[in-house]
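Residue numbers (this note's numbering): 19 to 120.
Right under this line is the structure:
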């Protein structure tokens with residue numbers, strides 16, 4: 019929530035995007051897992067048929083990759099920035115100039 023509020027101050031058009039947290043990403047139905055790829059931490063769903071675009075953060079994969087609340091908050095922020103950048107067609111550094119800083 020803090021990440022979204024911070025980014026909305028910089029990018030007012032984000033008010034039209036829904037932000038969601040889901041437990042885990044769904045497989046695409048082909049029966050294949052992610053095999054060589056890491057389980058995604060987030061994703062985007064483009065706007066369609068009257069539904070707004072969505073940014074999704076996957077709770078369980080984020081929790082597994084972090085230890086402690088601060089690390090988790092930092093990773094969630096990075097995921098949100100990356101997904102917003104994808105939706106807006108920008109680089110993460112443009113969306114948040116502090117992206118990638120420790």
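Note that the Cβ used here is the ideal one computed from N, Cα and C, for glycine as well.
Please state the DSSP three-state secondary structure of residue i.
{"i": "residue 75", "result": "strand"}
{"i": "residue 112", "result": "helix"}
If you draw a straight line from the alpha carbon of residue i to that of residue j, how long is it in whole angstroms?
{"i": "residue 21", "j": "residue 95", "result": "5 Å"}
{"i": "residue 81", "j": "residue 58", "result": "12 Å"}
{"i": "residue 31", "j": "residue 79", "result": "28 Å"}
{"i": "residue 64", "j": "residue 36", "result": "10 Å"}
{"i": "residue 27", "j": "residue 114", "result": "11 Å"}
{"i": "residue 73", "j": "residue 38", "result": "6 Å"}
{"i": "residue 100", "j": "residue 88", "result": "18 Å"}
{"i": "residue 90", "j": "residue 77", "result": "10 Å"}
Tell me, please, which residues DSSP counts as bridged to residue i.
{"i": "residue 39", "result": "75"}
{"i": "residue 60", "result": "75"}
How would you write the range of the alpha helix (DSSP H) that residue i sits in, first residue to last?
{"i": "residue 95", "result": "87-106"}
{"i": "residue 25", "result": "20-28"}
Figure out for me which residue from the options has the closest Cα to the Cα of residue i.
{"i": "residue 105", "options": "23, 116, 27, 70", "result": "70"}
{"i": "residue 40", "options": "67, 66, 62, 87", "result": "62"}
{"i": "residue 44", "options": "60, 90, 25, 34", "result": "60"}
{"i": "residue 19", "options": "92, 108, 103, 84", "result": "92"}
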